[in-house]
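Asker: I have a structure I would like to understand better, so I am pasting it below and will then ask my questions one at a time.
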Amino acid sequence: MTRFTKLIFLTLLGMILLASCKGPLGNTMLTVDTTRCVGCGECEEVCPYDAIEIIDGDAVIDPGLCHQCNRCVEICPEGAIY
Ligand code: SF4
Ligand code: SF4
28 MTRFTKLIFL TLLGMILLAS CKGPLGNTML TVDTTRCVGC GECEEVCPYD AIEIIDGDAV
88 IDPGLCHQCN RCVEICPEGA IY
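Heads up, my numbering is the position in the sequence shown plus 27, with the first residue counted as 1.
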């Protein structure tokens with residue numbers, strides 16, 4: 028493999044990896060139902076991206092950090108995130 032071919036190959040590989048990387052979506056579709064949320068903080072603890080904060084007793088999701096992994100949805104004992 029020539030140097031040029033290697034360069035092309037690595038560039039293409041990098042582009043494919045970047046394209047497949049699921050970054051923050053910036054516009055999460057998740058909603059916190061504040062009538063159900065009891066502020067237990069379980070969602071905040073489970074979120075791997077620190078996208079949830081408990082503010083005034085309710086979970087608040089930062090859409091700029093959320094990757095829509097759905098862990099918070101699965102763990103919420105009140106079914107308050109959907
Ligand atoms: S896990 Fe559910 S009830 Fe607990 S803080 Fe999060 S949204 Fe609220
Ligand atoms: S869906 Fe995942 S990334 Fe988004 S707030 Fe819930 S736990 Fe965090």
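For each residue, glycine too, the CB sits at the ideal point set by N, CA and C. Note that the structure is predicted; figures quoted are calculated from it, not measured.
On a Cα-Cα basis, can you pick out the residue from CYS103, ARG98, CYS67, ALA107 that is closest to ILE81?
Answerer: Position 54 of the sequence shown, counting from 1, holds the residue named residue 81. The residue from CYS103, ARG98, CYS67, ALA107 with its alpha-carbon nearest to that of ILE81 is CYS67.
Asker: Counting only the same chain and skipping the five closest in sequence on each side, list residues whose C-beta sits under 6 Å from that of ASP60.
Answerer: Here residue 60 refers to the residue found at position 33 when the sequence shown is read from its first residue. Only ALA107 meet the Cβ criterion.
Asker: Looking at CYS96 and ILE79, is the spacing between their C-beta atoms short of 9 Å?
Answerer: Here residue 79 refers to the residue found at position 52 of the sequence shown. Here residue 96 refers to the residue found at position 69 of the sequence shown. No, Cβ-Cβ distance for ILE79 and CYS96 is not below 9 Å.
Asker: Work out the CA separation of THR29 and CYS93 for me, nearest whole Å.
Answerer: Residue numbering aside, residue 93 sits at position 66 when the sequence shown is read from its first letter. Residue numbering aside, residue 29 sits at position 2 when the sequence shown is read from its first letter. Straight across, the Cα-Cα distance linking CYS93 with THR29 is about 42 Å.
Asker: Using a Cβ-Cβ cutoff of less than 7 Å, which residues in the same chain neighbour VAL73 once the five nearest sequence positions on both sides are dropped?
Answerer: In the sequence shown, residue 73 corresponds to position 46, counting from 1. Closer than 7 Å at the Cβ level, and outside the excluded window around VAL73, lie ARG98, CYS99, ILE102.
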